[in-house]
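Single-structure report; data block below.
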Amino acid sequence: MNPKDYIAEHVRGLPRSGIRDFFAIVSEMPQAISLGIGEPDFITPWKIRESSI
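Counting from 2, one number per residue, gives the positions in the sequence shown under the working numbering.
Written as structure tokens, this is what we have:
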């Protein structure tokens, strides 16, 4: 099963997004901090979660 068989030909011909190239470059920079999606690497404390309900 080839995933490309399920993608329309006109979509396959679209150029690669520049933002993908940017993220590929930045991912190799250990000093870079991602401000993208905003997913923290810690669990929100219960006190804060409970106050938001």
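The beta carbon of each residue, even a glycine, is placed where N, CA and C say it ideally should be.
Since this is a predicted model, take the numbers as computed values, not measurements.
Asked, Found
"ASP6 to LEU15 span [Cα, whole Å]", "16 Å"
"For SER52, the first and last residue of its enclosing alpha helix (DSSP H)", "47–52"
"Where ALA33 sits in the DSSP three-state scheme", "coil"
"Proximity test, Cβ basis, 8 Å: GLU10 and chain D", "Absence of chain D from the displayed structure is noted, only one protein chain being present."
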